[in-house]
Amino acid sequence: MREICLARLDKTRPVLVLTRDTARAVMTKVTVAPITSTVKGLSSEVPVGRANGLDHDSAVSMDNVLTIPADLLGRRLGFLTPEQERHLARAIVLAYDLEVPLLEGP
428 MREICLARLD
438 KTRPVLVLTR
448 DTARAVMTKV
458 TVAPITSTVK
468 GLSSEVPVGR
478 ANGLDHDSAV
488 SMDNVLTIPA
498 DLLGRRLGFL
508 TPEQERHLAR
518 AIVLAYDLEV
528 PLLEGP
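So this is what it looks like as structure tokens:
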């Protein structure tokens, strides 16, 4: 399951950690997607909220993915659900305009 953590970016904000766990053990940098309370309703967003350890409804922005030093990650807030993981896969395909069959679902 994908982990949601706090990270020290322009300000401390929640992020979805995209780097797989096995790579995180040996990497000094991790790839994350920022989570914002400004929900635009884009197909490249993944809705998240209280069930994921956040204070309010928000969205994972797959259009603003970045790689940061691993030591900027803070405490874990929560995880994506299996349904949100499927939504994430679809959002990645749409955010990067990939030519692959889309997965079923939202």
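Residues 428 to 533 in my numbering are what the sequence shown lists, from first letter to last.
Note that the Cβ used here is the ideal one computed from N, Cα and C, for glycine as well.
Any idea what DSSP makes of Leu481, helix, strand or coil? Reading the sequence shown from its first residue, position 54 is the one you call residue 481. DSSP places Leu481 outside both helix and strand once states are collapsed to three, so it counts as coil.
Extent of the continuous beta strand (DSSP E) run through Glu512: What you label residue 512 is simply residue 85 of the sequence shown in a count that begins at 1. Per DSSP, Glu512 lies in no beta strand (DSSP E) segment; the continuous alpha helix (DSSP H) that holds it begins and ends at Pro509 to Ala522.
DSSP on Leu469, reduced to helix/strand/coil? The residue labelled residue 469 in the question sits at position 42 within the sequence shown. Residue state, collapsed to three classes: coil.
Grab the span of the alpha helix (DSSP H) containing Arg429 for me, first residue to last. Here residue 429 refers to the residue found at position 2 of the sequence shown. Under the DSSP assignment, Arg429 falls outside any alpha helix (DSSP H); it carries neither an H nor an E label.
Pick from Val475, Ser470, Asp484 and Ile495 that is closest to Asp524, judged by C-alpha positions: Taking the first residue of the sequence shown as 1, we reach residue 524 at position 97. The option with the nearest alpha carbon to Asp524 is Ser470.
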